[in-house]
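Please read the structure below before turning to the comments.
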Amino acid sequence: MKPAKIRLLEPQFLGYTGILCGIQFVDGISVAELPFIDQQRICASMRATTVEGKNVSPSAAYSSRNDLTVDDIVETAAPDIVPMKRGAAEVEAKPVQRFTREELESIADCEGIAGLRQIGNQIGVKAKGIVEMIEGILKAQGGE
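The numbering used here numbers the first residue of the sequence shown as 542 and each following residue consecutively.
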């Protein structure tokens, strides 16, 4: 990943002197050190290595992954098995306010059926009319 000079290994370019891909070469070796991306570009397009002999092409990076041996692999121990808790989570029942017929009628006068539906949704009562909604809420609460 550090800048380095490139040596061309293609038979036609072993002793090449001139400019190739915008880079000056003398006797098949680059004059200046090249950034890593330029090293990769040249090594990917033809046989070439750094002066140290390292092939930096993308395909060489794939083959270098195979240097891993079985002795290098460390397997961590699995965590202990914990039995799962089955069933629904216990939810504490919230106390539901109890309403009288007069209270429900005053809510219906102020807020309409929407106010009664908020109360009915808490105890599972559904109806289309105000009278049916009041009767359903009172019945769900256990009478008046």
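Using N, Cα and C, we set each Cβ at its ideal position, and we do this for glycine too.
Values in this document were obtained by computation on a predicted structure and should not be read as measured data.
For residue i: DSSP bridge partner residues
i, result
"Thr591", "Ile547"
"Leu575", "Ala545"
For residue i, three-class secondary structure by DSSP
i, result
"Val567", "strand"
"Leu555", "coil"
"Ile622", "coil"
"Gln638", "coil"
"Ile654", "helix"
"Gly665", "coil"
"Ile614", "coil"
"Ala585", "helix"
"Ala629", "coil"
Delimiting residues of the beta strand (DSSP E) encompassing residue i
i, result
"Ile560", "Gly559 to Leu561"
Where the alpha helix (DSSP H) through residue i begins and ends
i, result
"Lys680", "Ile671 to Gln682"
"Arg606", "From DSSP, Arg606 is part of no alpha helix (DSSP H); its letter is neither H nor E."
"Asn596", "No alpha helix (DSSP H) contains Asn596, which DSSP labels as neither H nor E."
For residue j and residue i, believed in contact at Cβ under 8 Å, the rounded distance
i, j, result
"Ala681", "Val666", "5 Å"
"Gly556", "Asp568", "5 Å"
"Ile570", "Lys546", "6 Å"
"Val597", "Gln580", "5 Å"
"Gly677", "Gly661", "7 Å"
"Met542", "Phe577", "5 Å"
"Glu551", "Arg588", "5 Å"
Residue i Cβ short of 7 Å to the ligand SAM heavy atom set
i, result
"Arg588", "Among the components modelled here there is no ligand, and therefore nothing to report on the ligand SAM."
Below-8 Å beta-carbon distance, residue i vs any chain D residue
i, result
"Gly683", "Any reference to chain D falls outside this structure, which holds one protein chain only."
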